[in-house]
Amino acid sequence: MPLYEYFCETCEQEFTLLQSASANKEETVCDLCGSGNVRYKFSSFASKVVGGTPKTSKPVTMDDYPNKDVFKLPIPRLRSEL
């Protein structure tokens, strides 16, 4: 079950609840004051990537790239130069 973050409009405190994804967030009440005047906060999350990138035995350098000339291009300073 994921953690959900809420803000209570009554006591102006933030709190976190462990609740199922199918739970009705409209019926959530504040843990601190019991008020139903709460607002769901969008929060960050983390996910686990299975597999990922292969491990290299050494750090990647410019010599590992086939076209090294790309690194010699000037860095654009203005959006119009892109």
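Residues 1428 to 1509, numbered by my numbering, are exactly what the sequence shown covers, in order.
Cβ atoms here follow ideal geometry from the backbone N, Cα and C, with glycine treated the same way.
These numbers were taken from a predicted model, which means no experiment stands behind them.
Proximity below 8 Å, CB of residue i to CB of residue j
| i | j | result |
| --- | --- | --- |
| Y1433 | V1465 | yes |
| V1456 | S1447 | no |
Continuous beta strand (DSSP E) stretch holding residue i: start and end
| i | result |
| --- | --- |
| L1505 | Where L1505 is concerned, there is no enclosing beta strand (DSSP E), given that its DSSP letter is neither H nor E. |
| L1444 | 1441-1445 |
| E1454 | Element bounds for E1454: n/a, residue is neither H nor E. |
| E1432 | 1430-1435 |
Neighbourhood of residue i by C-beta distance below 7 Å, restricted to the same chain and skipping five residues each side
| i | result |
| --- | --- |
| L1445 | M1428, L1430 |
| M1489 | K1495, F1498 |
Cβ neighbours of residue i in the same chain (closer than 6 Å, five flanking residues each side left out)
| i | result |
| --- | --- |
| C1460 | T1437, C1438 |
| D1510 | Past the boundaries of the shown model lies residue 1510; the chain is included only from 1428 to 1509, so the question cannot be answered. |
CB contact below 8 Å: residue i versus chain D
| i | result |
| --- | --- |
| F1434 | Looking for chain D here will not work: only one protein chain is present. |
Beta-carbon separation (whole angstroms), residue i vs residue j, contact threshold 8 Å
| i | j | result |
| --- | --- | --- |
| K1485 | Y1467 | With 8 Å as the limit, K1485 and Y1467 do not qualify as a contact, their Cβ atoms being about 46 Å apart. |
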